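2 protein chains.
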Amino acid sequence: MPYPNIVLRLPDWLEAALPPAERVYASREERMGLVIDLARHNIEHGSGGPFAAAVFDLDRRQLLAPGVNLVIDGHCSVAHAELVALMLAQQLRGSHDLGAPSLPPCELVTTTEPCAMCLGALPWSGIVSLVCGARDEDARKIGFDEGVKPADWPTVLARRGIRVYRDVCRPEARQVLQEYRQGGGPIYNATHNR
Amino acid sequence: MPYPNIVLRLPDWLEAALPPAERVYASREERMGLVIDLARHNIEHGSGGPFAAAVFDLDRRQLLAPGVNLVIDGHCSVAHAELVALMLAQQLRGSHDLGAPSLPPCELVTTTEPCAMCLGALPWSGIVSLVCGARDEDARKIGFDEGVKPADWPTVLARRGIRVYRDVCRPEARQVLQEYRQGGGPIYNATHNR
């Protein structure tokens with residue numbers, strides 16, 4: 001039996017939810033505003049967990065690749081919003097390294113601080129900065145497991161050339177997590193972590 | 195512009211390199227033997243880094259999903275062998291959780307101990323055991339970056355219900371890494387980690 005390709009499909013609602021591609025996001029708050037919108041759409045459409053992320057081109061200050069959590073519908077525990085956005089950005093750029101000398105610098109913006117897996121993925125991705133909304137503890141409060149991370153993880157990233165900006169629009173980002181819990185959305189940690 | 199699906203394609207040589215699907219791998223050493231073969235094929239065909247992994251069904255002791263490193267050719271820094279095998283296994287099972295009560299227990303076998311990203315991914319995957327060949331330091335010795343991992347990472351996994359077996363056929367697994375270096379294979383760490 002031949003093995004199929006591994007395929008991750010962005011939700012059908014996503015294109016319509018995005019501003020025109022040429023839109024400029026001048027500030028970190030504007031970039032965070034977009035991903036918070038996407039996280040809320042992901043809840044409303046029932047297409048995944050209350051998390052979204054996006055890779056931005058920091059020269060043009062434009063969106064390169066959006067990502068939303070696709071774990072349940074995508075049958076993929078790896079499909080956290082951050083990794084979806086990074087994989088899509090790299091596929092669009094035709095390179096595993098968004099930091100390649102021929103490419104403009106890239107930033108990952110995420111509605112919630114990265115879990116242990118996504119944190120470990122960042123130094124391999126080539127991004128130069130990370131912008132976070134809600135904190136780990138905000139995700140833990142509604143039942144999501146963030147895994148074991150070094151206490152000084154922003155320093156770990158800084159040492160590898162990735163600048164970290166925390167608490168950007170944190171109240172708004174946290175609000176989305178709370179809406180998800182209030183709506184009874186599934187907490188999909190793997191069975192034996194429950 | 196509509197965004198494409200994210201697609202990871204296993205190398206064309208892979209099907210022909212595998213024993214018949216009904217083959218039983220009774221021991222951890224036999225399972226490791228298969229993934230070491232796949233890592234060597236991946237080098238010989240120039241399809242990626244010197245790393246392979248596979249998910250096995252522990253009830254039937256059969257291969258569920260193979261994985262090889264696809265970082266460069268797949269334009270995907272996330273496409274480490276372990277994550278390729280886990281994503282394929284979950285897609286084949288139709289579940290993000292290989293530990294779901296309706297499914298047989300699954301083991302991940304990897305030629306080299308997982309990097310920080312892959313380590314963080316394991317508790318989300320639903321596997322019950324992890325079998326490793328070469329050690330982190332063997333990969334570091336040929337120039338690969340394993341990232342920042344907790345010193346007691348096997349304990350971290352054990353606490354989440356994942357049993358870890360290290361040093362299974364380590365000399366043979368290390369030999370593949372050395373062959374890669376001797377052959378001048380690319381070390382593809384992201385630019386600003388160099």
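If you're matching them up, the sequences are chains A and B in order. For the first sequence, position 60 (counting from the first letter as 1) is numbered 60 according to the numbering used here, and the numbering increases by one without interruption. For the second sequence, position 53 (counting from the first letter as 1) is numbered 247 according to the numbering used here, and the numbering increases by one without interruption. All C-beta atoms in this analysis are idealised placements derived from N, C-alpha and C, irrespective of residue type, glycine included. Predicted model, so just to flag it, every value in this text is computed and none were measured.
Residue i by DSSP, collapsed to three states: which one?
| i | result |
| --- | --- |
| I200/B | strand |
| R194/A | Low per-residue confidence applies at R194/A: pLDDT is 45, beneath 50, and the placement is therefore not dependable, though the value from the model is reported in the following sentence. Of the three classes helix, strand and coil, the one that applies to R194/A here is coil, per DSSP. |
| Y180/A | helix |
| V71/A | coil |
| S125/A | helix |
| H290/B | coil |
| L103/A | coil |
| R203/A | The question about residue 203/A has no answer, for chain A in this structure spans 1 to 194. |
| G240/B | coil |
| R23/A | coil |
| P171/A | helix |
| C309/B | coil |
| D332/B | helix |
| V272/B | coil |
| G379/B | coil |
If you follow the beta strand (DSSP E) that residue i is part of, which residue opens it and which one closes it?
| i | result |
| --- | --- |
| G133/A | S129 to A134 |
| C106/A | C106 to T112 |
| L258/B | Q256 to V262 |
| V358/B | R357 to Y359 |
By the DSSP assignment, the alpha helix (DSSP H) with residue i in it spans what residues?
| i | result |
| --- | --- |
| D251/B | From DSSP, D251/B is part of no alpha helix (DSSP H) but of the beta strand (DSSP E) over A246 to D251. |
| R287/B | A275 to R287 |
| G341/B | G341/B -> no alpha helix (DSSP H), and no H or E assigned at all. |
| W347/B | W347 to R353 |
| L212/B | Unbroken run through L212/B: none, as it is neither H nor E. |
What is the C-beta distance between residue i and residue j, in whole angstroms, given that I count them as a contact (C-beta under 8 Å)?
| i | j | result |
| --- | --- | --- |
| F250/B | R225/B | 6 Å |
| C115/A | A89/A | Not really, about 19 Å apart at Cβ, beyond 8 Å. |
| A328/B | R357/B | Not really, about 19 Å apart at Cβ, beyond 8 Å. |
| A39/A | T155/A | With a Cβ gap of about 27 Å, A39/A and T155/A do not count as contacting. |
| L157/A | L122/A | 6 Å |
| G49/A | Y188/A | 7 Å |
| I188/B | Y374/B | A question about residue 188/B goes unanswered here, because the residues of chain B that appear run from 195 up to 388. |
| L313/B | C270/B | Not really, about 18 Å apart at Cβ, beyond 8 Å. |
| A54/A | V109/A | 5 Å |
For chain E, check one thing: does any of its Cβ atoms lie closer than 8 Å to the Cβ of residue i?
| i | result |
| --- | --- |
| V78/A | Chain labels in this structure do not include chain E; the protein chains are A and B. |
Which residue wins for smallest C-alpha separation from residue i, given the options the options?
| i | options | result |
| --- | --- | --- |
| N263/B | R255/B, H274/B, A210/B and R254/B | H274/B |
| W124/A | P20/A, H75/A and L98/A | L98/A |
| V325/B | L204/B, R222/B and N199/B | R222/B |
| Y25/A | D59/A, E172/A, I72/A and L10/A | D59/A |
| P4/A | R354/B, I381/B, K335/B and L286/B | L286/B |
| Q62/A | A151/A, H45/A, C76/A and V35/A | V35/A |
| H153/B | L258/B, E216/B, P214/B and P205/B | The structure shown does not extend to residue 153/B, since chain B is modelled only from 195 through 388, so no value can be given for it. |
| G67/A | W153/A, M87/A and C169/A | M87/A |
| Q376/B | G337/B, P344/B, G355/B and R354/B | G337/B |
| P101/A | G126/A, R170/A, R23/A and A17/A | G126/A |
| D330/B | L371/B, A211/B, P380/B and H290/B | L371/B |
| V362/B | P214/B, E307/B and G288/B | E307/B |
| P366/B | P344/B, D332/B, V265/B and R353/B | At residue 366/B the sequence reads Glu, which differs from the Pro that was named. The shortest C-alpha separation from E366/B is found at D332/B. |
| E22/A | S95/A, A151/A, A65/A and W153/A | A65/A |
| G341/B | D145/A, E146/A and P150/A | P150/A |
| V265/B | V84/A, S95/A, R170/A and P186/A | S95/A |
| E15/A | A211/B, R334/B and P196/B | P196/B |
| M117/A | V78/A, R170/A and V84/A | V78/A |
| D152/A | G33/A, R166/A, K141/A and D145/A | R166/A |
| R170/A | L18/A, P20/A and G33/A | G33/A |
| D339/B | D73/A, R160/A, W13/A and K141/A | R160/A |
So if I threshold CB-CB distances at 8 Å, which residues from the region 113 to 132 of chain A count as touching chain B? Near chain B, meaning a CB-to-CB distance below 8 Å, the residues of the region 113 to 132 of chain A are C115, A116, M117, C118, L119, G120, A121, P123, W124, S125, G126 and V128.
**OP:** Anything in the region 224 to 241 of chain B with a Cβ closer than 7 Å to a Cβ of chain A? List those residues in chain order, please.
**Re:** Residues passing the 7 Å Cβ filter: none.
### Query
In the region 54 to 67 of chain A, which residues sit with their C-beta less than 8 Å from some C-beta in chain B, listed in chain order?
For the region 54 to 67 of chain A, the residues whose beta carbon sits under 8 Å from a beta carbon of chain B are, in order, A65 and P66.
Quiz prompt | Residues from the region 10 to 26 of chain A in contact with chain B, defined by Cβ distance under 8 Å | solution = Under the 8 Å Cβ criterion, the region 10 to 26 of chain A contributes L10, L14, E15 and A21.
Any C-beta of chain B within less than 9 Å: which residues of the region 80 to 101 of chain A qualify?
Residues H80, L83, V84, L86, M87, L88, Q90, Q91, L92, R93, G94, S95, H96, D97, L98, G99, A100 and P101.
Worksheet item: Taking any Cβ of chain A, which residues in the region 324 to 345 of chain B have a Cβ under 9 Å from it, in chain order?
Response: Going along the region 324 to 345 of chain B in chain order, one finds D339, G341, V342, K343 and P344 with a Cβ nearer than 9 Å to chain A.
Using a Cβ cut-off of 7 Å, which residues of the region 157 to 185 of chain A contact any Cβ in chain B, in chain order?
Correct list: R160 and G161.
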